[in-house]
Amino acid sequence: SGSAAATRSACGDVGASLALVRIDDRLIHGQVTVAWGMWLEPDRIVLANDEVASTPWRRELYADSDTLGAAVSVVRIDELGAALRDGRWNGERLIVVVESPADLLRLLESGVEVPSANVGGMHFAPGKRELLPYVYVSDDDVRAMKAVIARGTGLRAQDVPQSGPVDLAPLIARPDPPVGKDPKPRA
1124 SGSAAATRSA CGDVGASLAL VRIDDRLIHG QVTVAWGMWL EPDRIVLAND
1174 EVASTPWRRE LYADSDTLGA AVSVVRIDEL GAALRDGRWN GERLIVVVES
1224 PADLLRLLES GVEVPSANVG GMHFAPGKRE LLPYVYVSDD DVRAMKAVIA
1274 RGTGLRAQDV PQSGPVDLAP LIARPDPPVG KDPKPRA
């Protein structure tokens, strides 16, 4: 996949290649498995989420996801850094999915190097404001995003490979729009 090269990055000196590190509050779903999976052709999709990893039925549900041939691993966030350093997935191309900017920050703090992360879906919830039609943030999200950027990791919003990436740094630096306004009034 020719355009995938721009998204590839090395993870320190480990043998796994991080094809994509994505923030997505829906975790593993069609945009991840079909759109990004077909585009990047990963060997494995790694879901780094403490709650899912510690809940057996949820862990099994995600581990059994249809990922078009890619293996699925579900790990705690701190376990991901250790697994990469220990060579658990040497030689494999990985898509890593975390749920939130705070989770990405924890991953960076564990020593995983991520030059740029994809923000694919952060949906509306009370107390969140719209940055883009598929990216809603709380004040805590913005604080974590600013800390991620301060550590040298770029944040690019891009829901699917065919849409253009949007640098989030200038959007989170602007004065805050109103918080908590539901963009789609309910009937």
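By this note's numbering, the letter at position 156 of the sequence shown is numbered 1279, and the numbering carries on one by one without gaps.
Note that the Cβ used here is the ideal one computed from N, Cα and C, for glycine as well.
Quick one: what does DSSP say A1225 is sitting in, helix, strand or coil?
In the three-state scheme derived from DSSP, where H, G and I count as helix and E and B as strand, A1225 is classed as helix.
Selected residue, minimal CA-CA separation from L1150, among P1288, R1252, I1295 and L1227
Of P1288, R1252, I1295 and L1227, the smallest CA-CA separation from L1150 is found for L1227.
If you draw a straight line from the C-alpha of G1244 to the C-alpha of A1267, how long is it?
Using only the alpha carbons, I get a separation of about 16 Å.
Output the boundary residues of the alpha helix (DSSP H) element that contains L1255.
Per DSSP, L1255 is not a residue of any alpha helix (DSSP H); the beta strand (DSSP E) it occupies stretches across R1252 to L1255.
Going by CA-CA distance only, name the one from R1208, I1272 and D1187 that's closest to V1242.
Checking every option, the nearest Cα to that of V1242 belongs to I1272.
Alpha carbons only, please: which of V1260, I1146 and P1256 is nearest the one belonging to P1249?
Of V1260, I1146 and P1256, the residue nearest in Cα terms is V1260.
Apart from the five residues just before and just after G1204, which ones in its own chain have a Cβ nearer than 7 Å to its Cβ?
Excluding positions up to five away in sequence, the list reads L1230, S1233, G1234 and V1235.
Measure how close the beta-carbons of V1198 and A1206 come, nearest whole angstrom, since I'm counting them as under 8 Å.
At roughly 6 Å, the Cβ-Cβ gap stays under 8 Å, so V1198 and A1206 are in contact.
Below 6 Å CB to CB, which residues in the same chain sit around G1277 once its five sequence neighbours on both sides are set aside?
Correct list, in chain order: S1239.
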